[in-house]
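Here is the structure we will look at.
Number of protein chains: 2
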Amino acid sequence: MIIIKVGGGKAINWDYLAEDLSSINEKYIIVHGANAFMKEISNKLGITQNLITSPSGHISRYTDAKTLELLTMVYCGLVNKKIVSCLQKHKINAVGLSGADGKLWLGIKKETILSKVGTKTKIITDSLTGKVESVNVELISMLLDKNYTPVITIPAITKDGELINVDNDRAVSVMAKDLQVKTLVFLFEESGLLEKFNDPTSKIDRINKDDLEKYLESSEGRMKKKLLGVKEAFAFGVKSVYFGDGRIEKPVSQALKGNGTVIN
Amino acid sequence: MIIIKVGGGKAINWDYLAEDLSSINEKYIIVHGANAFMKEISNKLGITQNLITSPSGHISRYTDAKTLELLTMVYCGLVNKKIVSCLQKHKINAVGLSGADGKLWLGIKKETILSKVGTKTKIITDSLTGKVESVNVELISMLLDKNYTPVITIPAITKDGELINVDNDRAVSVMAKDLQVKTLVFLFEESGLLEKFNDPTSKIDRINKDDLEKYLESSEGRMKKKLLGVKEAFAFGVKSVYFGDGRIEKPVSQALKGNGTVIN
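These protein sequence lines map, in sequence, to chains A and B. Going letter by letter, the first sequence gives residues 1 to 264 in full-length UniProt numbering. Going letter by letter, the second sequence gives residues 1 to 264 in full-length UniProt numbering.
What follows is the structure, encoded as structure tokens:
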């Protein structure tokens, strides 16, 4: 089984991806983002998206109740159902789910979050964020057994039924653990992991998993989080991770052939 | 098995509903609307919601591509996940799905729609609306067998993977047919079917199903459509339909006791 995580950029070509999926001879699960659409709709609704920088330098979305509502609209509504429709057009029997449905992604909420503002550290107590701790293996297996393709996105849910924002990339590593998945594919709007930010000629072809820490230190923003998820995934038993370009034809096949960045 | 259709008004009390559901000794499926939220979000986004009056007097939403996107955001995103979260808080293992997921509600698109504007009749060709023709019984049964509660809403999907807006109430009657359901409960923001519009004292306690045509003629707007769905449901083998108040404690139990309007 493969987990395919697809970024939330507008240049991702879902038709190419759907065409390619019919050539994949394994079961697969799709996890997707929706960041570009989130920005667009929040601007239209006049909801300011605030970011938090943790003391260790991680940047994440400040998720208050309004932002969480917006997130369910954009991730579970607009984008998830666009993807389901596209996959169905290509004869893939997709079922779109959030991490909340059937407690698919069961998580815990962070009671407090530290936010670095200049030289000061603020304590935030109303952020509806957390992390996924376990996955509903029964529900996913049941769908896969009957040839449905799960298409999953945030939010996750706590045992008390509260919706929480989590990091999709890190949720993927918990899924890999619980479902004993050995292969992960991450598609985004780059040809692979770039040595130099925004320089497509600096693509790294291969990374030894033992060197991930080095790349983690030098990476920034969303890529840092992606690599953190990848590092966790290896600790959870994943054998190979493929980064690839979600804008090109046959994106999964190309990534699996090693035409993006291979980490193993 | 019971299908419980819950209206999309803001006064529906989902906590009361969820508490009540634990007392129901049968399997059930929930279908929900989101009309009030749709109005609110479309106003905020500056998307005008146009209505179409058919030559026979039925009023429906004019669903162009923009409206369909908004509809997925509000119905499948915001409201569906709010409901899933509420049910999960009450220990009901809800799984939120749209009619598009796993082709749950497979429908056909209307190629043209007639719209009465004053004395003229306009032909509309870009409306993404249609009707549900069949239901994915396998997917629903699979979920119910494992004690998941399906929470379903629009849109439906065509065999070609196109999302279409359909009438939730009429989709309920097709579900009743395919799943051989004999009992339907409709909860909304009234105490039952009212003889006089907006007059709560005029609640009708019981309607003979053979008299439905009479009530159809005298009803208007959304209630007319609801009664049309009910009429179809009886033709499809349903035995009893209960209209009840979605704002009160124990709304399903109260409706089943006959405290709203019973049609049989």
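Virtual Cβ for every residue (Gly too), placed ideally from N, Cα, C.
Limits of the alpha helix (DSSP H) - the one that residue i falls within
i, result
"TYR75 of chain A", "Run containing TYR75 of chain A: none; DSSP gives neither H nor E here."
"SER56 of chain B", "From DSSP, SER56 of chain B is part of no alpha helix (DSSP H); its letter is neither H nor E."
"GLY96 of chain B", "It is not in any alpha helix (DSSP H) - GLY96 of chain B instead sits in the beta strand (DSSP E) that spans 94-98."
"ILE140 of chain B", "137-145"
"residue 265 of chain B", "Residue 265 of chain B lies beyond the stretch modelled for chain B, which goes from 1 to 264, so this question has no answer here."
Assigned secondary structure, residue i (DSSP; H/G/I helix, E/B strand, else coil)
i, result
"SER127 of chain A", "coil"
"residue 265 of chain B", "Lying before the first or after the last residue shown, residue 265 of chain B is absent from chain B, which here runs from 1 to 264."
"ARG247 of chain A", "coil"
"ASN208 of chain A", "coil"
"LYS239 of chain B", "coil"
"ILE24 of chain B", "coil"
"ILE83 of chain A", "helix"
"THR67 of chain B", "helix"
"VAL181 of chain B", "coil"
"LYS225 of chain B", "helix"
"GLU162 of chain A", "coil"
"LYS231 of chain A", "helix"
"residue 267 of chain A", "As shown, chain A starts at 1 and ends at 264. That puts residue 267 of chain A outside it, with no answer to give."
"THR201 of chain B", "helix"
"ALA11 of chain A", "coil"
"LYS214 of chain A", "helix"
"GLU133 of chain B", "strand"
Boundaries of the beta strand (DSSP E) in which residue i is found, first to last residue
i, result
"LYS109 of chain B", "105-109"
"ASP91 of chain B", "Residue identity check: residue 91 of chain B is Lys in the sequence provided, not Asp. No beta strand (DSSP E) holds LYS91 of chain B; DSSP gives it neither H nor E."
"SER115 of chain B", "113-117"
"THR261 of chain B", "261-263"
"LYS257 of chain B", "It is not in any beta strand (DSSP E) - LYS257 of chain B carries neither H nor E in the DSSP assignment."
Residue i at chain D interface by Cβ criterion, 8 Å
i, result
"ASN93 of chain A", "No chain D appears in this structure, whose protein chains are A and B."
Closer than 7 Å: residue i CB and nearest the ligand SAH heavy atom
i, result
"LEU179 of chain B", "Judged by which ligands are present, the structure shown has none, so any question about the ligand SAH falls away."
Closer than 9 Å, Cβ to Cβ, to anything on chain A: give me those residues from the segment 170-190 of chain B, in chain order.
Here the close residues number zero.
For the pair the segment 97-104 of chain B and the segment 151-166 of chain B, tell me if three or more CB-CB distances fall below 8 Å.
The answer is yes - the segment 151-166 of chain B touches the segment 97-104 of chain B, with three or more Cβ pairs under 8 Å.
Note down, in chain order, all residues in the segment 63-86 of chain A with a beta-carbon under 8 Å from any beta-carbon belonging to chain B.
Under the 8 Å Cβ criterion, the segment 63-86 of chain A contributes GLU69, THR72, MET73, VAL74, TYR75, CYS76, GLY77, LEU78, ASN80, LYS81, LYS82, VAL84, SER85, CYS86.
Is the segment 74-81 of chain A close to the segment 119-135 of chain A, with three or more CB pairs under 8 Å?
Touching, no, given that fewer than three Cβ pairs across the two stretches are closer than 8 Å.
Interfacial residues, the segment 38-49 of chain A to chain B, with Cβ spacing under 7 Å
Along the segment 38-49 of chain A, the positions whose C-beta sits under 7 Å from a C-beta of chain B are LYS44, LEU45, read in chain order.
Which residues, taken in chain order from the segment 95-117 of chain B, show a beta carbon closer than 8 Å to some beta carbon of chain A?
Considering only beta carbons, the part of the segment 95-117 of chain B lying closer than 8 Å to chain A consists of VAL95, GLY96, LEU97, SER98, ALA100, ASP101, GLY102, LYS103, in chain order.
Would you check if there are 3 or more beta carbon pairs closer than 8 Å linking the segment 26-37 of chain B to the segment 3-17 of chain B?
Segments in contact, yes.
Is the segment 219-226 of chain A touching the segment 157-177 of chain A in the sense that three or more CB pairs, one from each, lie closer than 8 Å?
Cβ pair count under 8 Å is three or more, so yes.
Name, going along the chain, the residues of the segment 155-166 of chain B whose beta-carbon falls closer than 8 Å to a beta-carbon of chain A.
Residues are counted here when their Cβ sits less than 8 Å from a Cβ of chain A; for the segment 155-166 of chain B these are PRO155, ILE157, ASP160, GLY161, GLU162, LEU163, given in chain order.
Inspect the CB distances between the segment 6-26 of chain B and the segment 237-249 of chain B and report whether three or more fall short of 8 Å.
Output reads yes: the segment 237-249 of chain B touches the segment 6-26 of chain B.
At least 3 beta-carbon pairs within less than 8 Å: the segment 107-122 of chain A vs the segment 49-62 of chain A:
As far as the Cβ criterion goes, the segment 107-122 of chain A touches the segment 49-62 of chain A, which means the pair count is three or higher.
For the segment 126-142 of chain B, enumerate the residues whose C-beta is nearer than 8 Å to any C-beta of chain A, in chain order.
Cβ contacts with chain A: GLU138, LEU139, MET142.
Could you name the residues of the segment 5-37 of chain A whose beta carbon sits closer than 7 Å to any beta carbon of chain B, in the order they occur along the chain?
Listed by position, the residues of the segment 5-37 of chain A near chain B (Cβ gap below 7 Å) amount to none.
Assess, as a yes-or-no matter, whether the segment 182-193 of chain A is touched by the segment 227-243 of chain A under the definition of 3 or more beta carbon pairs within less than 8 Å.
Output reads yes: the segment 182-193 of chain A touches the segment 227-243 of chain A.
Segment contact flag, the segment 255-264 of chain A with the segment 195-214 of chain A, C-beta cutoff 8 Å, min 3 pairs
By the Cβ criterion, the segment 255-264 of chain A is in contact with the segment 195-214 of chain A, since at least three pairs of Cβ atoms, one from each stretch, lie closer than 8 Å.
Which residues, in chain order, does the segment 241-263 of chain A contribute to contact with chain B at a C-beta distance below 7 Å?
Within the segment 241-263 of chain A, not one residue has a Cβ closer than 7 Å to any Cβ of chain B.
Which residues, in chain order, does the segment 215-234 of chain A contribute to contact with chain B at a C-beta distance below 9 Å?
For the segment 215-234 of chain A, which is checked against every Cβ of chain B, not one residue is closer than 9 Å.
Could you check whether the segment 65-74 of chain B touches the segment 64-79 of chain A, counting it as contact only if at least three pairs of C-beta atoms, one from each stretch, sit closer than 8 Å?
Contact between the segment 65-74 of chain B and the segment 64-79 of chain A is present, because at least three Cβ pairs lie under 8 Å.
Could you say if the segment 158-165 of chain B and the segment 212-223 of chain B meet the contact criterion of at least three C-beta pairs nearer than 8 Å?
Segments in contact, no.
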